[in-house]
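Worksheet for the structure shown next.
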């Protein structure tokens, strides 16, 4: 089958859904790849590179839609693209079926199967095709870059001959993928980063990225993020008030504010109000990653950079991933490639749309003339691990008691063993002759010494230990040597054989031990 | 030379042997310790040859020299990966020698018993020693040499089979004849009957029957034990060879034999104990072979195995600051230790913290991995034991698992129904990412799935360990 990628027709969209690298991987799955002329140009992938990777380049979008069995693109299709779809064709792209109901119906009427990359369920197995996350990651990074571009100072604090520079203070609101990426980028530039999220369970992630979690002093039954598929749920009015008060407290200090708060299926919550912008120092920057959905900041204008009255820059670009088209295309193309891998279980170039597979089912918006959106909730629910039941720490008294108990038990065991062992030996002594007991004492003491000595042998030397004990167990040669001189021919033969074998063992054992030990070297 | 000198020499030898074993507590002192052992052995042999009771010393010296030459050749040529086989083969020699010495004692005893009192007094040497015994002492002597022969025979066939399994000449899976352990029990019962028979009659027949039974026990017992339990088997045989020597020492009335036999016997016993503990299994269950049944349905494994390739791994290693490598028997099979060592050298040159984590039962011999790594010139101070390194995994960037499986199985901790539940394992899954170099998707020795391979942070690098590592080396320089 053929996979085709057209040029994106949305104005300003630079990304492309297939890269030369992903094309090579797709061909390994057994597909042929087709691309529209100039599709990768905006992301710096030339037609020649595609040709070198074995991709067929076609001149027009119309020709591409005609040739391809699977169409992979970035943006949701425009009306003109819907018209080009044909019966049985599979379309893989961002689709936002909840918002684009008409588009979905139009595609369904055409008989196309639509796989929406934005609907990939957020479960571990599907992470490799989670395009929303990979795009959000880029957006978070780029947000910091845009902020730095519009911010007149260093991120990192420095003490130079020309004076002291304080580090920039960055507040990240919403610690989803984009927020965490922004935290990572800002901390690695040297800024002091604070982060806030309504889900308390992400505090650990925030701190692991090197930012400080802004705690709210608020008691409320928090819904677990895992129940809402890893996304934030709307919060109560009281909580919101408390949150805004905290932001007002922070606003005068913050040089850069990056807001990423989104709630699925709703407009972005207003969190950075006009009065907070007023409290900020001139020259500060607000980057609003929720601009497409109305913005977290009151003053945000989508796709534009605006200045407030007190010279605070508010950036509302919605095309941040597209601004890093080479990077985002690479990641998105990989997401698409992973999706195709799952759709091609036999790697034979034949697409198998398995509606029983949770991931594929979740992402499918239309299939075989039916609208399959919304999907049933995924069977595998766990995303954030449920908080483990904490094991009760034993108190000090309990610990001491347990220790005492263990000590007593050990003493009991030891005494019992000694008593039994001693009893047995005494019993043997009653019956056995003195000459035997003399040897027996030697034996018992040797076993005892052996146990004491061997416990100290280090683990790494166990093989040499075996070789050396092997060599010295050839001490049996003494027995043979004592016997060889006395008695019959048969005795001599047997003794001679024993001496011979023990001789092999003595030399072999010691020499191989020496060889091994010589190899152990300190660095 | 009189008897006093020989005894004195024996005392010195015994002290040297103890020091020799004690010296193995550290790598540096071990190099000295092996010389103590050699000197002790030399002294003991010398004292015995010139001491009372021995004759034909020229023949003895020639035989020792001939045996020594073969031993020297073997020690020089043996590959470090073949150490388990070599150790097993050597055990079999000790076992056989013990059987022979026991037989000789029996023959001599009967010869001496047949003489009249006058001739007995004229005897010297070993026969003279026997001549002085009477009544209970003779019975005890019979028990002792009977035991010596029994243990020696078990050691002999057991070691031969262990050698075959380790060298790949005998099928390594656990196999039993129909009847299973009842056969062993039967053979043991026959041996006990023979013991009474022999004590009462002193004839050769019970001794011969017992020897055959013991040979069978050795063969059948070890046939029933699978590949990965070999560390326990080899150390157990080590222990047996010691007890055989001790039993013979009793029958010959030679204290040095008793001392050394006891030392070796307890050493092997401790090693077996350590190995069993590391697998969280009782010694009995290892010897009876196979893993116990599960106590309930195994936990379901979620996720999938994700393959990776050499370039990705190379990039991961470039980015990592701390790397822990967990070698297993697979590394020895693929002879990959040199490549591993080269990889470690290059990574260390880049200033990365690279260490090894060794599980007590990794490989087919106690301490097997340490010797292989030492051979490949990996410095021993970066080779750590399980307990030393287990807490460091959360701070580790990349953990590389080379040819090990059960010793890194998280089911041991997470799934109470798993057959290996409770076995101490290397917690490599706590590292940020884990790379598993493995030939295919199969399970390990225990035959159970390893959830490690399905973890989110695990990537599978399929293929022969050595080939994969050599490719990896091309990408890292």
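Protein chains in written order, with our numbering: chain A, 357 to 879; chain B, 298 to 774.
The beta carbon of each residue, even a glycine, is placed where N, CA and C say it ideally should be.
Which chain A residues are close to residue 664/B, counting only those with a beta carbon under 7 Å from its beta carbon?
Along the second chain, one-based indexing puts residue 664/B at 367. 815, 816, 817, 818, 819, listed in chain order.
Report yes or no: do the segment 703-713 of chain B and the segment 318-330 of chain B share at least 3 C-beta pairs separated by less than 8 Å?
Result no; under three Cβ-Cβ pairs closer than 8 Å.
Does DSSP put residue 484/A in a helix, in a strand, or in coil?
On the first chain, residue 484/A is found 128 positions in, with the first residue counted as 1. Helix at residue 484/A.
Report the residue from 755/B, 660/B, 659/B, 655/B whose alpha carbon sits nearest the alpha carbon of residue 694/B.
In the second chain, residue 694/B corresponds to position 397, counting from 1. Of the listed residues, the one whose Cα sits closest to residue 694/B is 755/B.
For the segment 359-373 of chain B, which residues have a beta carbon sitting closer than 9 Å to at least one beta carbon of chain A?
Correct list: 360, 361, 362, 363, 364, 365, 366, 367, 368, 369, 370, 371, 372, 373.
What is the rounded straight-line gap between the Cα of residue 626/A and the Cα of residue 438/A?
Against the first chain, residue 626/A aligns to sequence position 270. Against the first chain, residue 438/A aligns to sequence position 82. Roughly 35 Å between the two C-alpha positions.
May I have the straight-line CA-CA distance separating residue 506/B from residue 487/B, to the nearest angstrom?
Here residue 506/B refers to the residue found at position 209 of the second chain. Here residue 487/B refers to the residue found at position 190 of the second chain. Going by the C-alpha atoms only, they are around 8 Å apart.
Quick one: what's got a C-beta closer than 7 Å to residue 836/A's C-beta in the same chain, skipping five residues either side?
Here residue 836/A corresponds to residue number 480 of the first chain, with the count starting at 1. Same-chain partners within the cutoff: 851, 854, 855, 858.
With contact counted as at least three CB pairs below 8 Å, one residue from each stretch, are the segment 388-399 of chain B and the segment 669-686 of chain B in contact?
Touching, no, given that fewer than three Cβ pairs across the two stretches are closer than 8 Å.
Select from 455/B, 661/B, 502/B, 659/B the residue whose C-alpha is nearest the C-alpha of residue 511/B.
Looking up residue 511/B in the second chain gives position 214. Nearest C-alpha to residue 511/B: 455/B.
Please specify which runs of the beta strand (DSSP E), each continuous and at least 3 residues long, are wholly inside the segment 668-715 of chain B, giving them in chain order.
Entirely contained in the segment 668-715 of chain B, the beta strand (DSSP E) runs reaching 3 residues are, in chain order, 680-682, 695-699.
I'd like to know whether the C-beta of residue 763/A is nearer than 8 Å to at least one C-beta of chain B.
Residue mapping note: residue 763/A aligns to position 407 of the first chain, counting from 1. Chain B, which has no Cβ nearer than 8 Å to the Cβ of residue 763/A, makes this no.
With respect to the alpha helix (DSSP H) encompassing residue 509/A, which residues constitute its N-terminal and C-terminal limits?
The residue labelled residue 509/A in the question sits at position 153 within the first chain. Element bounds for residue 509/A: n/a, residue is neither H nor E.
Output needed for residue 737/A: all residues of its chain with C-beta closer than 6 Å, excluding positions within five of it in sequence on either side, in chain order.
Stepping through the first chain from its first residue, residue 737/A is reached at position 381. For residue 737/A, the pLDDT reaches just 46, beneath the cut-off of 50, and the residue's location in the model is therefore unreliable, although a value from the coordinates is still provided. Here the set comprises nothing.
Between residue 478/B and chain A, is there a C-beta pair that is closer than 8 Å?
Indexing the second chain from 1 puts residue 478/B at position 181. It does not: the Cβ of residue 478/B has no partner Cβ on chain A nearer than 8 Å.
List the residues of chain B whose Cβ lies closer than 7 Å to the Cβ of residue 865/A, in chain order.
The residue you call residue 865/A lines up with position 509 of the first chain. What residue 865/A touches in chain B: 387.
How should residue 314/B be labelled, buried or exposed, when 16 other C-beta atoms within 10 angstroms of its C-beta is the threshold for buried?
Working through the second chain from its first residue, we reach residue 314/B at position 17. The residue in question, residue 314/B, is buried, as its Cβ has 16 or more Cβ neighbours within 10 Å.
Put residue 757/B into one of helix, strand or coil per three-state DSSP.
Your numbering for residue 757/B matches position 460 in the second chain. Strand at residue 757/B.
Write down the C-beta distance between residue 392/B and residue 459/B rounded to the nearest angstrom, noting that I regard them as a contact closer than 8 Å.
As a position in the second chain, residue 392/B is number 95, starting the count at 1. As a position in the second chain, residue 459/B is number 162, starting the count at 1. Going by Cβ atoms, the distance from residue 392/B to residue 459/B rounds to 11 Å, so no, they are not a contact pair.
Pull up the distance between the alpha-carbon of residue 268/B and that of residue 307/B, whole angstroms please.
The structure shown has nothing for residue 268/B, since chain B only spans 298 to 774.
Could you check whether residue 496/A and residue 616/A sit closer than 8 Å to each other, using their CB atoms as the reference points?
One-based indexing of the first chain puts residue 616/A at position 260. One-based indexing of the first chain puts residue 496/A at position 140. The answer is yes: Cβ separation under 8 Å.
Residue 711/B CB to nearest chain A CB: under 8 Å?
As a working note, residue 711/B is residue 414 in the second chain. Taking Cβ atoms only, chain A never reaches closer than 8 Å to residue 711/B, which makes this a no.
Return the residue from the list 840/A, 422/A, 819/A, 802/A that minimises the CA-CA distance to residue 555/B.
The count along the second chain starts at 1 and reaches residue 555/B at position 258. Cα-wise, what sits closest to residue 555/B is 802/A.
How many whole angstroms separate the CB atoms of residue 757/B and residue 735/B, which I take to be in contact at a CB cut-off of 8 Å?
As a working mapping, residue 757/B is identified with position 460 in the second chain. As a working mapping, residue 735/B is identified with position 438 in the second chain. About 6 Å separates the two Cβ atoms, so the contact holds.
Kindly indicate if chain A contains any beta-carbon less than 8 Å away from that of residue 753/B.
If you number the second chain from 1, residue 753/B lands on position 456. Cβ-Cβ to chain A under 8 Å: yes for residue 753/B.
At a CB-CB cut-off below 7 Å, which residues of chain A make contact with residue 552/B?
By one-based count along the second chain, residue 552/B stands at place 255. Ordered by position in chain A, the residues that pass the 7 Å Cβ test against residue 552/B are 795, 798.
Between residue 324/B and chain A, is the shortest Cβ-Cβ distance under 8 Å, so that the two count as touching?
Position 27 of the second chain holds residue 324/B. Closer than 8 Å: yes.
DSSP state of residue 709/A, grouped into three classes?
Stepping through the first chain from its first residue, residue 709/A is reached at position 353. Correct three-state label for residue 709/A: coil.
Hey, how far is the Cα of residue 867/A from the Cα of residue 753/B?
Your numbering for residue 867/A matches position 511 in the first chain. Your numbering for residue 753/B matches position 456 in the second chain. The alpha-carbon atoms of residue 867/A and residue 753/B are separated by roughly 48 Å.
Mind checking residue 663/B: buried by the 16 CB within 10 Å criterion, or exposed?
Against the second chain, residue 663/B aligns to sequence position 366. So residue 663/B counts as buried.
Determine the DSSP secondary structure at residue 304/B, reduced to helix, strand or coil.
Start at 1 with the first residue of the second chain, and residue 304/B comes out as number 7. Of the three classes helix, strand and coil, the one that applies to residue 304/B here is helix, per DSSP.
Identify whether residue 550/A lies in helix, strand or coil by the three-state DSSP scheme.
The count along the first chain starts at 1 and reaches residue 550/A at position 194. Strand.
Kindly confirm or deny that the segment 487-496 of chain B and the segment 544-558 of chain B touch, where touching means at least three C-beta pairs closer than 8 Å.
Contact between the segment 487-496 of chain B and the segment 544-558 of chain B is absent, because fewer than three Cβ pairs lie under 8 Å.
Verify whether the separation of the beta carbon atoms of residue 392/A and residue 361/A is less than 8 Å.
Locating residue 392/A in the first chain gives position 36, counting from the first residue. Locating residue 361/A in the first chain gives position 5, counting from the first residue. Contact: yes.
If you drop the 5 nearest sequence neighbours on each side, which residues of the same chain put their C-beta closer than 6 Å to that of residue 732/B?
Against the second chain, residue 732/B aligns to sequence position 435. So the qualifying residues of the chain are 610, 697, 756, 758.
So, does the CB of residue 846/A fall closer than 8 Å to a CB anywhere in chain B?
Looking up residue 846/A in the first chain gives position 490. It does: the Cβ of residue 846/A has a partner Cβ on chain B nearer than 8 Å.
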